[in-house]
Amino acid sequence: MKKLILAAVFTVAAFVAADAQVFRLGIKAGPNFANFSGGADGIDYSSRTSIHVGAVAEIGLTKKFAVSPELLYSSQGADVNGYGDFNLDYVAVPVLAKIYVLSDKVSLDVGPQFSFLIDQAEEAFDNQSFDFAVAGGATLNITKSIFAQARYTFGLTEASKDAEVKNTVFQVSVGYMFL
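Spelled out as structure tokens, the structure:
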């Protein structure tokens, strides 16, 4: 039984390795359209336009499925009418499952995002140092090296210890894969 399980594991690993695409590495950047969701009644939030930039990898597991970890600087937050601008800068680590739906040109991307607060312009509130979110979007591979993405990220944890608000971000990216 032990040998059978071991043989099955090696067989599956061999098929995955034989079918695997290449490891790809690149960079990407673009605008963030960030806001808060939730919070107290009567407080108005306005979206904040900022940027994200960083490194992206893609690890092909099959012809139709890949895992894409990223390491990004992402400026988020919101303009809170009557309270000021909340500029929250994060190191974000999304880990996305990519499912290719049109050959190798278009993928649907979904997965968790782990963000670590590195700077905040408004220190009147006690903001959380960690943000956990779910991200979903799509990637268009324009050429083998150039790609464009659209993604929506919804925070599952509160961004502030003082207010029940969560980060929401719509991102548009362009990138270049050099490996």
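For what it's worth, our numbering labels the leading residue of the sequence shown as 4, then goes sequentially. Backbone N, C-alpha and C define an ideal beta-carbon position, used for all residues, glycine too.
Exposure of residue i, with buried meaning 16 or more beta-carbon neighbours within 10 Å
| i | result |
| --- | --- |
| F181 | exposed |
| K164 | exposed |
| D134 | buried |
| Y179 | exposed |
| V172 | buried |
| D122 | exposed |
| E167 | exposed |
| T52 | exposed |
| F89 | buried |
| D47 | exposed |
| S148 | exposed |
Span of the beta strand (DSSP E), counted from its first residue to its last, around residue i
| i | result |
| --- | --- |
| G29 | 26–41 |
| Y103 | 87–105 |
| I116 | As written in the sequence, residue 116 is Gln, which differs from the Ile given in the question. Note, Q116: beta strand (DSSP E), 109–123. |
Per-residue DSSP class, three states only, for residue i
| i | result |
| --- | --- |
| K169 | strand |
| I62 | strand |
| N191 | The question about residue 191 has no answer here: the residues shown for the chain are numbered 4 through 182. |
| I149 | strand |
| A141 | strand |
| A162 | coil |
| F68 | strand |
| I46 | coil |
| D134 | strand |
| L74 | strand |
| F157 | strand |
Selection from the options that minimises the alpha carbon distance to residue i
| i | options | result |
| --- | --- | --- |
| K108 | F68, N84, L99, S118 | F68 |
| V94 | S176, S77, G85 | S77 |
| G63 | S40, G42, R27 | R27 |
| S71 | S110, F119, L159 | S110 |
| T146 | Q116, S106, D112, F157 | S106 |
| A136 | D129, V96, A124 | V96 |
| P115 | T65, L159, Y103, A153 | L159 |
Rounded distance between the beta-carbons of residue j and residue i, thought under 8 Å
| i | j | result |
| --- | --- | --- |
| A151 | S176 | 7 Å |
| K31 | V59 | 5 Å |
| L75 | N130 | In fact, because the Cβ distance is near 18 Å, the residues do not count as touching under 8 Å. |
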